[in-house]
Amino acid sequence: MITANPKENRASDWKDHLCVEDEQKLNELLEAARRHRCAYHSSDNVQVAQVWCALIEMMKMVNKLEARVSYIERVLNHLFEGHQGEKEKLLSGLLKF
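Below, the structure written as structure tokens:
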């Protein structure tokens, strides 16, 4: 579809060049940013404010992942501490032998 305004063509076509998975991820991010609709609609530049709101949602995702990784690291460190003690006892026993 060709419109009278070439800018409208470019704006509507850029998503067509994304792969299906990326377009789906973009839609998920826009859906998450929609929670801030009242905030970005009150902005003078709604589109830029919407991008910032999407960035906020991405930071929430990153923080959640960091917390999960930190938890996994603590669990694994605890497991390996026990094995380190057993390894030291074994080496000590072998040296005495």
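As numbered in our numbering, the sequence shown has no gaps in its residue numbers, which increase by one up to the final residue, 806. The beta carbon of each residue, even a glycine, is placed where N, CA and C say it ideally should be.
Since residue i is in the alpha helix (DSSP H), which residue starts that stretch and which ends it?
i, result
"W723", "No alpha helix (DSSP H) contains W723, which DSSP labels as neither H nor E."
"L727", "L727 -> no alpha helix (DSSP H), and no H or E assigned at all."
"N754", "Element bounds for N754: n/a, residue is neither H nor E."
"H750", "R746 to H750"
Count the other C-beta atoms from every protein chain shown that fall within 10 angstroms of the C-beta of residue i, then say buried if there are 16 or more, exposed otherwise.
i, result
"C728", "exposed"
"Y749", "buried"
"C762", "buried"
"A742", "buried"
Return the CA-CA distance between residue i and residue j, expressed in angstroms with no decimal places.
i, j, result
"H734", "V760", "A small correction: the amino acid at residue 734 is Lys; His does not occupy that position in the sequence shown. Distance between the alpha carbons of K734 and V760 is about 14 Å."
"V784", "E775", "14 Å"
"L738", "H726", "18 Å"
Query raised in the report: Are at least three pairs of beta-carbons, each pair with one atom in the segment 764-781 and one in the segment 789-801, less than 8 Å apart?
Result: no
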